[in-house]
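*Asks:* So that we are looking at the same thing, I have put the structure below in structure tokens.
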Amino acid sequence: MISSILIKTKRKEGINIMNNYGFTLIELLVVIAIIGTLSTIGFLALSGASDGADDAKRLAELQSIRSAATVELSKNRVYPIVTAGSEDCIRLDGQNTDTTAADHTSKTSATTTGASATPLGSMIGQLTGVDKDNYFYCSDGTGSKFLVATTLKGALPNGGAAAGTYGGSTAPKQITCIAGGTTGGLYCVGTLTP
1 MISSILIKTK RKEGINIMNN YGFTLIELLV VIAIIGTLST IGFLALSGAS DGADDAKRLA
61 ELQSIRSAAT VELSKNRVYP IVTAGSEDCI RLDGQNTDTT AADHTSKTSA TTTGASATPL
121 GSMIGQLTGV DKDNYFYCSD GTGSKFLVAT TLKGALPNGG AAAGTYGGST APKQITCIAG
181 GTTGGLYCVG TLTP
């Protein structure tokens with residue numbers, strides 16, 4: 001009899017131990033929901049910072065491209081020309097099969113194949129470490145004016161080229177620049193006017 005009382009007491013104590021130290025399903029679900037909410041907030045905050053870093057990198061690379069064009073101006077007395085006699089734009093990686101421009105419009109880049117001996121090819125060759133498929137270069141037909149463009153996700157800085165369409169008279173060789181202060185779009189710098 002005493003042994004059965006001891007067994008019952010131990011069982012009750014065992015049950016009490018589980019009830020005092022365990023978590024209910026509702027408690028676990030609440031904790032999981034809180035962790036999920038905090039993770040989502042953190043992810044959204046960090047993705048915004050990532051966009052800002054991407055924009056800062058592209059602005060720095062845009063200045064590198066602008067400097068390379070200026071170097072060619074000092075060497076040849078003209079900016080690199082895309083197409084002699086006409087205002088045109090190209091994507092700097094020289095691919096002519098890509099049909100999506102940086103401003104997400106339809107565009108076919110003029111090819112730069114075999115252009116390594118030209119000022120344009122020389123300028124592109126100077127751009128080591130630059131992701132060239134994110135940038136466009138435009139020039140007038142005489143080499144007196146140029147424009148460099150890239151897509152930014154955040155607010156576009158003021159002081160860029162005027163908003164408008166640049167390039168040839170047909171859509172495949174045109175880009176459309178957005179005004180500074182606007183959030184997201186194709187940001188352009190240079191001396192061309194629309």
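In terms of full-length UniProt numbering, the sequence shown opens at residue 1 and continues consecutively. Just so it is clear, CB atoms sit at the ideal spot from N, CA and C, and this is done for glycine as well.
Please classify F136: does DSSP put it in a helix, a strand, or coil?
*Replies:* Reduced to three states, the DSSP call for F136 is strand.
*Asks:* Check the DSSP bridge columns for L147 and list the partner residues they point to.
*Replies:* L147 is bridged to C138 and G190.
*Asks:* Report buried or exposed for P80, applying the criterion of at least 16 other Cβ atoms within 10 angstroms of its Cβ.
*Replies:* Buried, by the Cβ-count rule.
*Asks:* Would you grab the beta carbon distance between D51 and G154 for me? Rounded to a whole angstrom, and I think it's under 8 Å.
*Replies:* The pair is a contact, with the Cβ atoms about 6 Å apart (cut-off 8 Å).
*Asks:* What whole-angstrom Cβ distance do I178 and L192 have, given they're in contact under 8 Å?
*Replies:* Between L192 and I178 the Cβ distance is about 15 Å, and since that is not below 8 Å, they are no contact.
*Asks:* Can you give me the Cβ contacts of K145 inside the same chain, cut-off strictly under 6 Å, excluding the 5 residues immediately before and after it?
*Replies:* Hits under 6 Å: T191 and L192.
*Asks:* Is the Cβ-Cβ distance between residue 196 and V148 less than 7 Å?
*Replies:* The chain is shown only over 1 to 194; residue 196 falls outside these bounds and no answer can be derived.
*Asks:* Once you ignore the five residues that flank T112 on each side, which residues in its own chain have a CB closer than 7 Å to its CB?
*Replies:* Residue placement at T112 is flagged as unreliable, the pLDDT there being 40, under the threshold of 50; the coordinate-derived value follows with that caveat. Cβ neighbours of T112 beyond the five flanking positions: I90, G94, L120, G121 and I124.
*Asks:* With DSSP as the reference, please indicate the residues paired to G185 in a beta bridge.
*Replies:* L152.
*Asks:* Output the distance between the C-alpha atoms of D140 and T83, rounded to the nearest integer angstrom.
*Replies:* D140 and T83: Cα-Cα distance of roughly 8 Å.
*Asks:* Roughly how many whole angstroms lie between the Cα atoms of A68 and L186?
*Replies:* Distance between the alpha carbons of A68 and L186: 20 Å.
*Asks:* Could you check where the beta strand (DSSP E) with G167 kicks off and where it finishes?
*Replies:* Run containing G167: G164 to G167, per the beta strand (DSSP E) assignment.
*Asks:* Under the rule that 16 or more other beta-carbon atoms within 10 Å means buried, what is A161, buried or exposed?
*Replies:* Buried, since its Cβ has 16 or more Cβ neighbours within 10 Å.
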